[in-house]
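Order-wise, the sequence lines are chains P and C. Per our numbering, the very first residue in the first sequence carries number 349; after that it's consecutive. Per our numbering, the very first residue in the second sequence carries number 239; after that it's consecutive. Yeah, the Cβ is synthetic: ideal placement off N, Cα and C, and Gly gets one too. Source: prediction; values computed, not measured.
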Amino acid sequence: MELEIRGLKVKLGSVEVLKGMAFSLGRGEILGILGPNGSGKSTLLRAIYGVLRPLDGIILIDGQDIRNLSLKEIARMIGYLPQESFESGLLVEDIVMLGRTPHLGGLSPDSKDFDAVERALSSIGMLNYRKRKFSELSGGEKQKTLLARVFAQESSILLLDEPTSHLDISSQLEIMELIKEKVSRGSSAIIAIHDINLASAYCDRLLLVRDGIIFSAGTPDEVITPENIRKVFGAEVEVKRIGGKLYVIPAFRRTSGKNRRVHVICGGGSGSDLIRRLWESGYRVSAGVLNVLDSDWMTITDLKGEVVSENPFSEIGEESHRKNLELIEKADIVVLTSLSVGKGNLKNLEAALHAARLGKLYVIEEKEFEKRNFAGEDADRIYSEIKAAVPDSRVFSTTLSINLLNNTDCKRSTQY
Amino acid sequence: MFNGFGVGMGDDRTLRIPVIIILLLAANLIALLAGVGIGSSGVGISDLIAGKPEAYKIIISYRLPRTLTSMLVGAGLAVAGCSLQALFRNPLADPYILGISGGASVGAALVILVGIASTVNIVFSAFLLSLITAWVVYRIGRAENGLPVYTLLLAGVAMAAFLSGVTSLLIYLSARDMYQVVFWIMGGFWTASWLKVQVVFIPIALSSVYLLFSSWNLNAILLGEEHALSVGVDVERFKKRVITASALLTSASVSVSGVIGFVGLITPHVMRLIVGENHRNLLPSSMLAGSAFMPFVDLISRTITEGEVPVGIITALLGAPFFLYLLRRSKLGA
Numbered sequence: 349m350e351l352e353i354r355g356l357k358v359k360l361g362s363v364e365v366l367k368g369m370a371f372s373l374g375r376g377e378i379l380g381i382l383g384p385n386g387s388g389k390s391t392l393l394r395a396i397y398g399v400l401r402p403l404d405g406i407i408l409i410d411g412q413d414i415r416n417l418s419l420k421e422i423a424r425m426i427g428y429l430p431q432e433s434f435e436s437g438l439l440v441e442d443i444v445m446l447g448r449t450p451h452l453g454g455l456s457p458d459s460k461d462f463d464a465v466e467r468a469l470s471s472i473g474m475l476n477y478r479k480r481k482f483s484e485l486s487g488g489e490k491q492k493t494l495l496a497r498v499f500a501q502e503s504s505i506l507l508l509d510e511p512t513s514h515l516d517i518s519s520q521l522e523i524m525e526l527i528k529e530k531v532s533r534g535s536s537a538i539i540a541i542h543d544i545n546l547a548s549a550y551c552d553r554l555l556l557v558r559d560g561i562i563f564s565a566g567t568p569d570e571v572i573t574p575e576n577i578r579k580v581f582g583a584e585v586e587v588k589r590i591g592g593k594l595y596v597i598p599a600f601r602r603t604s605g606k607n608r609r610v611h612v613i614c615g616g617g618s619g620s621d622l623i624r625r626l627w628e629s630g631y632r633v634s635a636g637v638l639n640v641l642d643s644d645w646m647t648i649t650d651l652k653g654e655v656v657s658e659n660p661f662s663e664i665g666e667e668s669h670r671k672n673l674e675l676i677e678k679a680d681i682v683v684l685t686s687l688s689v690g691k692g693n694l695k696n697l698e699a700a701l702h703a704a705r706l707g708k709l710y711v712i713e714e715k716e717f718e719k720r721n722f723a724g725e726d727a728d729r730i731y732s733e734i735k736a737a738v739p740d741s742r743v744f745s746t747t748l749s750i751n752l753l754n755n756t757d758c759k760r761s762t763q764y
Numbered sequence: 239m240f241n242g243f244g245v246g247m248g249d250d251r252t253l254r255i256p257v258i259i260i261l262l263l264a265a266n267l268i269a270l271l272a273g274v275g276i277g278s279s280g281v282g283i284s285d286l287i288a289g290k291p292e293a294y295k296i297i298i299s300y301r302l303p304r305t306l307t308s309m310l311v312g313a314g315l316a317v318a319g320c321s322l323q324a325l326f327r328n329p330l331a332d333p334y335i336l337g338i339s340g341g342a343s344v345g346a347a348l349v350i351l352v353g354i355a356s357t358v359n360i361v362f363s364a365f366l367l368s369l370i371t372a373w374v375v376y377r378i379g380r381a382e383n384g385l386p387v388y389t390l391l392l393a394g395v396a397m398a399a400f401l402s403g404v405t406s407l408l409i410y411l412s413a414r415d416m417y418q419v420v421f422w423i424m425g426g427f428w429t430a431s432w433l434k435v436q437v438v439f440i441p442i443a444l445s446s447v448y449l450l451f452s453s454w455n456l457n458a459i460l461l462g463e464e465h466a467l468s469v470g471v472d473v474e475r476f477k478k479r480v481i482t483a484s485a486l487l488t489s490a491s492v493s494v495s496g497v498i499g500f501v502g503l504i505t506p507h508v509m510r511l512i513v514g515e516n517h518r519n520l521l522p523s524s525m526l527a528g529s530a531f532m533p534f535v536d537l538i539s540r541t542i543t544e545g546e547v548p549v550g551i552i553t554a555l556l557g558a559p560f561f562l563y564l565l566r567r568s569k570l571g572a
């Protein structure tokens, strides 16, 4: 069954909640409606179901104007699940049986109705719950029961208003999987949904709604962008792609340390934690010199920070060393992590000494230097020179305790 | 096969419903026989079978219509109470929630005050005024886009308070016939006649049948109006019809028997504990429980003293403590 909406305008009281919406829903499709509270998601669903009289516009189911259909006829084609919550002493099977209301010919349900209830209960895996009281179920079980009620209605279009709200994460996923499975067997669904990540994982197409208009429409790739989310929700986010799906994560305090450059001299994983934390705090982080595929290299590359790279398992060359010194010159702060030093990366210590003489260096000493020195006396000598040039207040025993407070360039305290 | 917790319980339950209905039917039969056979005159059914003309007069002309009226009123109040509790989704709703008792009292008191207090006049005046009251409450409670149940509830409460004031005023003015009005307000079946049976039978039967056929939609309404809409119930139209049918039931009952409290409130509660909340079971069993219970109360009212204690007093004395007991029990159970 196909649904088409053209020029839909709806007024509630004196407020125009929907200001002209047009879209369609094809067979086997899950369409997610995203938008902040009050953007008109629920109103849109109620208007499609036909319980709100639109000010203007037309809603067609398989080419039939919804205004020419009775509520009962609409309920046979559209399974609408409102968000309204309730308590009831009715049994699970009583509630699922209510889904048969639009099909009821006489007073009592017949074998066809009982079969439909049986199928719906088994599709949500709750056959054993049929004689349980609704009021005694958990939140997830209640929502599944209501979903079974809609399934028992055997309508080919589902309109679901926030079906996963107020549920724990496993119930959310279960509900979305059940919907997906139902749609794969020849239905289609429109889901008003809050959770952008669930929407992107389960919906084929998305409508991003703001103030009663469609702000953006298309595949999750097209709709879920940091810019769209900022404009519609007013939130700063990062959009990540994991396993072909998009995930939105809040951009934590990315504003606080704007444009302040921190260069991290690290290696072997000694700097990953620091790099990530600095990045989250909004610093422009660079690192070097690191061998390609070193775990610190992976971290800084992942965060798209500047990095001076050397081939895997190779000694730091003159060219790399020079680039590293350039980054140190440009940086406001340089941090030497508790890295292990060997012949290969001895030049990093020299670079750190350079930074110390520029008065930019902070040192993390999680382990005594002797225990991580594999480069002999040369390294010991350089390290003691570094220590001599760096005040004790800038030497920290753990990554967690580091405080970039005393830097002369740093006017404000920037503890993260 | 492994049966989940629910399945075994369900088997008991599905067996239980027909058994309960049969028990209730039997109780109705006993109530009818007791109502007809027992009385202060000492005349029994054996006298009727023996063909005594005295027995015929007492039993067929008086006790039978009286018992039938009490059964009809009991059934009507229970069905109205049960339906309104579902519609309002409020366990405290009772048949008088729309201010109907107040309207009926004013109607009866008016007729008595004016001095035209024949049975027919009281019945019709009470019936008419209670219907008008329900209509006014409905109009006041109605909003632009539907019928919000809470406005309706508050309108009913306010209207009842107002009409109770009017009734008191009328009682005050009609000092001479005061006892008549007061006795009427307390409720009872002592003026029963075949005429009254005829008057109440049609509205009670029609409305009850309509509501029994609506039990499915009442279940849907229990989930909330939006959910009822979502299964194709035209909620606004349905609410109007349930209110109309309940108003008819209550008005008809109150016009022949005065204000009998607690039966419409408690009967559905008790039956809900026994058969559950599904109105396809709850409505018929509440109806049968109401019609079985009322003749017994009437029997108590006309045999407990030499004269007659108004039924409304007995239902209040029995009903209120019982209701508090249920309340306490359900609170502890939860």
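Exercise. In chain order, which beta strand (DSSP E) runs of at least 3 residues are fully inside the stretch 382-459 of chain P?
Worked result: 404-409, 426-429
Problem set entry | Between the CA atoms of I481 (chain C) and A272 (chain C) - distance to the nearest angstrom | In the second sequence, the residue the question calls residue 272 (chain C) occupies position 34. In the second sequence, the residue the question calls residue 481 (chain C) occupies position 243. Near 34 Å, if we compare the C-alpha coordinates of I481 (chain C) and A272 (chain C).
For this session: Compute the Euclidean distance between the alpha carbons of S668 (chain P) and S387 (chain P), then round it to the nearest angstrom.
Result: Residue 668 (chain P) sits at position 320 when you count from the first residue of the first sequence. Residue 387 (chain P) sits at position 39 when you count from the first residue of the first sequence. Each residue's Cα considered, the two are about 53 Å apart.
For this session: Compute the Euclidean distance between the alpha carbons of N476 (chain P) and R510 (chain C), then round it to the nearest angstrom.
Result: As a working mapping, residue 476 (chain P) is identified with position 128 in the first sequence. As a working mapping, residue 510 (chain C) is identified with position 272 in the second sequence. A straight-line Cα-Cα distance of about 23 Å links N476 (chain P) and R510 (chain C).
Problem set entry | DSSP three-state assignment for F500 (chain C), whether helix, strand or coil | In the second sequence, residue 500 (chain C) corresponds to position 262, counting from 1. DSSP places F500 (chain C) in coil when its eight states are reduced to three.
Problem set entry | Meets three-Cβ-pair contact criterion under 8 Å: the stretch 303-312 of chain C and the stretch 368-380 of chain C | no
Problem set entry | Cβ pair count under 8 Å reaching 3, the stretch 662-676 of chain P against the stretch 686-703 of chain P | yes
Exercise. Relative to the alpha-carbon of V679 (chain P), which residue among P:L694, P:K708, P:P660 has its alpha-carbon at the smallest distance?
Worked result: Here residue 679 (chain P) refers to the residue found at position 331 of the first sequence. Strictly speaking, residue 679 (chain P) in this sequence is Ala, with Val absent from that position. It is P:K708.
Exercise. Closest by CA to T573 (chain P), which one among P:G636, P:T747, P:E586, P:K359?
Worked result: For the purposes of this step, residue 573 (chain P) is taken as residue 225 along the first sequence, with counting starting at 1. Nearest of P:G636, P:T747, P:E586, P:K359 to T573 (chain P), Cα basis: P:E586.
Exercise. Which residues in the same chain as K367 (chain P) place their Cβ atom closer than 8 Å to its Cβ, once the five residues preceding and following it in sequence are excluded?
Worked result: Counted from its first residue, the first sequence places residue 367 (chain P) at position 19. Closer than 8 Å at the Cβ level, and outside the excluded window around K367 (chain P), lie K357, D559, G560, I561.
Exercise. Is it buried or exposed for G426 (chain C), if we count other Cβ within 10 angstroms and need 16 for buried?
Worked result: Residue mapping note: residue 426 (chain C) aligns to position 188 of the second sequence, counting from 1. The residue is buried, with at least 16 neighbouring Cβ atoms inside 10 Å.
For this session: Along the alpha helix (DSSP H) that carries N672 (chain P), what are the first and last residues, could you check?
Result: As a first step, residue 672 (chain P) is located in the first sequence; it is residue number 324 there, counting from the start. Per DSSP, the unbroken alpha helix (DSSP H) holding N672 (chain P) starts and ends at 666-678.
Exercise. Would you call the stretch 327-345 of chain C and the stretch 498-506 of chain C in contact, with 3 or more CB pairs under 8 Å?
Worked result: yes
Problem set entry | Listed by chain order, chain B residues near V399 (chain P) by CB distance under 7 Å | Going by chain labels, chain B is absent from the structure shown, which instead holds the protein chains P and C.
Problem set entry | Residue from C:S524, C:V447, C:V344 with nearest C-alpha to I409 (chain C) | On the second sequence, position 171 is the one that residue 409 (chain C) refers to. The option with the nearest alpha carbon to I409 (chain C) is C:V344.
For this session: Quick one: using the 10 Å Cβ neighbour count with 16 as the cut-off for buried, is Q323 (chain C) buried or exposed?
Result: For the purposes of this step, residue 323 (chain C) is taken as the residue at position 85 of the second sequence. Buried.
Exercise. Hey, L638 (chain P) and S657 (chain P) are a contact pair by Cβ (cut 8 Å); roughly how many whole angstroms apart?
Worked result: To locate residue 638 (chain P), count along the first sequence from 1; it is residue 290. To locate residue 657 (chain P), count along the first sequence from 1; it is residue 309. The Cβ separation is near 6 Å, so the contact holds.
Exercise. Considering I354 (chain C), what are the terminal residues of the alpha helix (DSSP H) in which it resides?
Worked result: The residue you call residue 354 (chain C) lines up with position 116 of the second sequence. Careful: I354 (chain C) lies outside any alpha helix (DSSP H) and carries neither H nor E.
Problem set entry | N-terminal and C-terminal residue of the beta strand (DSSP E) that H611 (chain P) is part of | Against the first sequence, residue 611 (chain P) aligns to sequence position 263. Run containing H611 (chain P): 609-613, per the beta strand (DSSP E) assignment.
Exercise. How is A375 (chain C) classed by DSSP in three states: helix, strand or coil?
Worked result: Taking the second sequence and counting its residues from 1, the one referred to as residue 375 (chain C) is at position 137. The identity of residue 375 (chain C) in the sequence shown is Val, whereas the question assumes Ala. Reduced to three states, the DSSP call for V375 (chain C) is helix.
Problem set entry | Closest by C-alpha distance to L432 (chain C), when choosing among C:F326, C:A485, C:V494 | For the purposes of this step, residue 432 (chain C) is taken as residue 194 along the second sequence, with counting starting at 1. Before going further, note that residue 432 (chain C) is Trp rather than Leu in the sequence given. Of the listed residues, the one whose Cα sits closest to W432 (chain C) is C:V494.
Exercise. Run through DSSP, which three-state label would L701 (chain P) get?
Worked result: Along the first sequence, one-based indexing puts residue 701 (chain P) at 353. L701 (chain P): helix per DSSP, three-state reduction.
Problem set entry | Own chain partners of P548 (chain C) with C-beta closer than 8 Å, once the 5 adjacent residues on each side are dropped | What you label residue 548 (chain C) is simply residue 310 of the second sequence in a count that begins at 1. Sequence-distant partners of P548 (chain C) (beyond 5 residues in either direction) whose C-beta falls short of 8 Å from its own C-beta, in its chain, are F421, M424, G425, G426, G496, S539.
Problem set entry | Coil, strand or helix - F661 (chain P) by DSSP | In the first sequence, residue 661 (chain P) corresponds to position 313, counting from 1. Of the three classes helix, strand and coil, the one that applies to F661 (chain P) here is coil, per DSSP.
Exercise. Using 8 Å as the Cβ pair cut-off and three pairs as the minimum, do the stretch 479-494 of chain P and the stretch 505-519 of chain P touch?
Worked result: yes
Exercise. Residue range of the beta strand (DSSP E) that I287 (chain C) falls in?
Worked result: Here residue 287 (chain C) refers to the residue found at position 49 of the second sequence. Segment 283-287 is the alpha helix (DSSP H) holding I287 (chain C); no beta strand (DSSP E) there.
For this session: With L554 (chain P) as the anchor, note down where its beta strand (DSSP E) starts and where it stops.
Result: Counting from one through the first sequence, the residue named residue 554 (chain P) turns up at place 206. First-last of the beta strand (DSSP E) with L554 (chain P): 553-558.
Exercise. Name the residues in the stretch 434-458 of chain C whose C-beta lies less than 7 Å from a C-beta of chain P; which are they?
Worked result: Taking a C-beta cut-off of 7 Å against chain P, the contacting residues of the stretch 434-458 of chain C are F451, W454, N457, A458, listed in chain order.
Exercise. What does a CB cutoff of less than 6 Å around I360 (chain C) pick up in its chain, not counting 5 residues either side in sequence?
Worked result: Here residue 360 (chain C) corresponds to residue number 122 of the second sequence, with the count starting at 1. The residues are A346, V349.
For this session: For the stretch 462-491 of chain C, enumerate the residues whose C-beta is nearer than 7 Å to any C-beta of chain P, in chain order.
Result: From the stretch 462-491 of chain C, only G462, E464, H465, L467, S468, V469, G470, V471, D472 have a Cβ closer than 7 Å to chain P.
Exercise. Taking all protein chains shown into account, do 16 or more other C-beta atoms lie within 10 angstroms of the C-beta of G319 (chain C), making it buried, or fewer, making it exposed?
Worked result: As a position in the second sequence, residue 319 (chain C) is number 81, starting the count at 1. By the neighbour-count rule (16 or more Cβ atoms within 10 Å), G319 (chain C) is buried.
Problem set entry | Limits of the unbroken beta strand (DSSP E) element including G653 (chain P) | As a working note, residue 653 (chain P) is residue 305 in the first sequence. Note, G653 (chain P): premise wrong, no beta strand (DSSP E); not H, not E.
Problem set entry | Same chain, Cβ closer than 7 Å to G246 (chain C), five either side skipped, listed in chain order | Taking the first residue of the second sequence as position 1, residue 246 (chain C) is located at position 8. Residue confidence is low: G246 (chain C) scores 36 on pLDDT, short of 50, so the model does not pin down where it sits. Its coordinate-derived value is still stated next. Counting only Cβ-Cβ distances below 7 Å, and skipping sequence neighbours, we find nothing.
For this session: Using a Cβ cut-off of 7 Å, pull out every chain C residue sitting near K420 (chain P), in sequence order please.
Result: Counting from 1 along the first sequence, the entry for residue 420 (chain P) is found at position 72. Residues of chain C passing the Cβ test: G470.
Problem set entry | Short Cβ contact (8 Å threshold) for V274 (chain C) with E292 (chain C) | Counting from one through the second sequence, the residue named residue 274 (chain C) turns up at place 36. Counting from one through the second sequence, the residue named residue 292 (chain C) turns up at place 54. Taking 8 Å as the Cβ cut-off, V274 (chain C) and E292 (chain C) do not qualify as a contacting pair.
Problem set entry | Paired residues, beta bridge with R475 (chain C) - DSSP | Here residue 475 (chain C) corresponds to residue number 237 of the second sequence, with the count starting at 1. None; R475 (chain C) has no bridge partner.
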